[in-house]
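Structure first, commentary second.
There are 4 protein chains.
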Amino acid sequence: MVSRVEHRVNFYDTDAMRVVHHANYIRWFEIGRVEFLRLCGITLDDLMEDGYLFPITDVSAKFVNPGRFDDVLIIETTPAALTKAKMAFDYRILRAADETVLVTGHSQNVFTSQETGHITRLPEKYYEKLKRGLED
Amino acid sequence: MVSRVEHRVNFYDTDAMRVVHHANYIRWFEIGRVEFLRLCGITLDDLMEDGYLFPITDVSAKFVNPGRFDDVLIIETTPAALTKAKMAFDYRILRAADETVLVTGHSQNVFTSQETGHITRLPEKYYEKLKRGLED
Amino acid sequence: MVSRVEHRVNFYDTDAMRVVHHANYIRWFEIGRVEFLRLCGITLDDLMEDGYLFPITDVSAKFVNPGRFDDVLIIETTPAALTKAKMAFDYRILRAADETVLVTGHSQNVFTSQETGHITRLPEKYYEKLKRGLED
Amino acid sequence: MVSRVEHRVNFYDTDAMRVVHHANYIRWFEIGRVEFLRLCGITLDDLMEDGYLFPITDVSAKFVNPGRFDDVLIIETTPAALTKAKMAFDYRILRAADETVLVTGHSQNVFTSQETGHITRLPEKYYEKLKRGLED
């Protein structure tokens, strides 16, 4: 399963080079992850209420073409790997008007216990949902 | 007592008008408040560990002159009012190089209980420190 | 005419009080202004290509109720005043689920010449569109 | 030459996990780059006035330990590679109190012409300064 969610570039997302500031794409990968989880039937809030956090351990991005103010972007998120302890995603951010790729990226997130702060194994009920999302 | 703390404008603080995006000054007022509390001997962390939050209820700002990338700014914070339930501050953000005023502003913050979410009265130990800060 | 545009609260919009950081609402007022201009048939890009900027001179906000991660918000923008040199707006940010008001606000923006940096008078073609937006 | 610059974590840099939101570190790598250039005698403003931009093409980061509100961080930037068309940097972000590594990272930036938007070769006057910075 691949999630696709739209985001319009705000004026405050630009910088003095008159393009989107690159760090915003790293934020927008998060919009993509959250949307992917939502499609799997999971919200970060549910996870947190059950005592789990989903911190990121690694991220990388290639900035291929600049985004500009008012562009409508598509944030495309594809699951890349899943275990009970971690999950990886690939991202593409496209300009909706012509499907030009602006940014590609990858992240790895782990499941941790809010209480201990350590990596933990996700319970079956969440794992099954993510597994279906990965396989669909 | 007036607190003064420096902040250098980052590239990511600018927007496509090639000046500081105005919402950043609202963030920087917070740097000023935190610094003022620190001068009074109080950290937000201490407050939070004791079960208090210090949310903002009102803010206003006048944008007088634009800040630019790499400008060193001075965030000047003056206490304007204090009760056990709330505190107000006045701000001036100046360009350090020539003390030009870029922004003026005002905020009101209240003391709330983390547990109930409601406004609460600050215990004496914090109130006394803030009162000294206001009177000095 | 009143513009209404939706914005979903991102995880990166929250702070350690587990609510939306207040400075984000000031950014979101901008989303509201841009949307209002769009409904009037004007984009900031058009204005900038014609040599005009639309900087903010004053903003104020009252934070009434906290927004939380994943809330869908409605940014409601109402024109409050218009001359050829400036325009003012009122804002309300509501939680879409129950139309609870989270934040109210007001801003004043001026039309300036990119070349001189000074306040200028907006040409008729833009002014007429905004006037219709104000009166509708 | 290695540049080291301090940054104190602001409340607005945190998220609802009560730690620094990860995308901020990508912003802070930029503070490191700007500081490194400054030590070499180059400001982004000079580059831009001469018609050059310095956009980022690749970034990666590993998030090793969480940063928290009010932590003083050290952003350490080491040049990793330099040609007339591009420059790469390695980063470490440390907690100043105990020199714990919070984040490591890498970026590649290219020199482009503002006019054409294409990659260009940096003139000797800038290249020499960066080369000295790399070799020192």
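Top line first, the protein sequences correspond to chains A, B, C and D.
Going by the numbering used here, the first residue of the first sequence is number 408, and it counts up by one from there.
Going by the numbering used here, the first residue of the second sequence is number 408, and it counts up by one from there.
Going by the numbering used here, the first residue of the third sequence is number 408, and it counts up by one from there.
Going by the numbering used here, the first residue of the fourth sequence is number 408, and it counts up by one from there.
Idealized CB from N, CA, C, for every residue including glycine.
For residue i, three-class secondary structure by DSSP
| i | result |
| --- | --- |
| M455 of chain C | helix |
| L529 of chain D | coil |
| I438 of chain C | helix |
| D543 of chain D | coil |
| I449 of chain D | coil |
| N516 of chain D | strand |
| K491 of chain C | coil |
Residues sharing a beta bridge with residue i, DSSP
| i | result |
| --- | --- |
| V360 of chain B | Residue 360 of chain B lies beyond the range of chain B shown here (408 to 543); nothing can be said about it. |
| D465 of chain A | A:Q515 and D:K469 |
| T484 of chain C | C:S410 and C:Y498 |
| V427 of chain A | A:T421 |
| V416 of chain C | Note: V416 of chain C sits in no beta bridge, so no partner. |
| L444 of chain A | BP columns for L444 of chain A are empty, so no partner. |
| L460 of chain A | A:T519 |
Contact list for residue i against chain C, beta-carbon separation under 8 angstroms
| i | result |
| --- | --- |
| T421 of chain D | D422 and A423 |
Within chain A, the residues that residue i reaches when beta carbons sit closer than 9 angstroms
| i | result |
| --- | --- |
| F470 of chain D | P462, I463, T464, D465 and V466 |
Chain A residues whose Cβ lies nearer than 7 angstroms to that of residue i
| i | result |
| --- | --- |
| A430 of chain D | A430, I433 and R434 |
Contacts of residue i in chain A (Cβ-Cβ under 8 angstroms)
| i | result |
| --- | --- |
| V441 of chain C | N417, F418 and D477 |
| T450 of chain C | D477 |
Inter-residue CB distance, residue i and residue j (contact presumed, cutoff 8 angstroms)
| i | j | result |
| --- | --- | --- |
| H414 of chain C | I438 of chain C | 6 angstroms |
| V426 of chain B | G474 of chain B | 6 angstroms |
| I463 of chain C | N516 of chain C | 5 angstroms |
| V409 of chain B | T507 of chain B | That belief does not hold up - the Cβ atoms of V409 of chain B and T507 of chain B are roughly 18 angstroms apart, past 8 angstroms. |
| L446 of chain C | G540 of chain C | 6 angstroms |
| F436 of chain B | G512 of chain B | 6 angstroms |
| A495 of chain A | S514 of chain A | 7 angstroms |
| E483 of chain C | R502 of chain C | The Cβ separation is near 12 angstroms, so there is no contact. |
| F461 of chain D | F518 of chain D | 6 angstroms |
| L444 of chain A | L480 of chain A | Incorrect: roughly 19 angstroms between the Cβ atoms, too far for contact. |
| F476 of chain B | A430 of chain A | Going by Cβ atoms, the distance from F476 of chain B to A430 of chain A rounds to 15 angstroms, so no, they are not a contact pair. |
Residue i Cβ short of 8 angstroms to the ligand ATP heavy atom set
| i | result |
| --- | --- |
| D478 of chain D | Inclusion of the ligand ATP in the displayed structure is not the case, the ligand content being empty and no account of it being possible. |
Beta-carbon neighbours of residue i, restricted to chain B and to distances below 9 angstroms
| i | result |
| --- | --- |
| I438 of chain D | R415, N417, F418 and Y419 |
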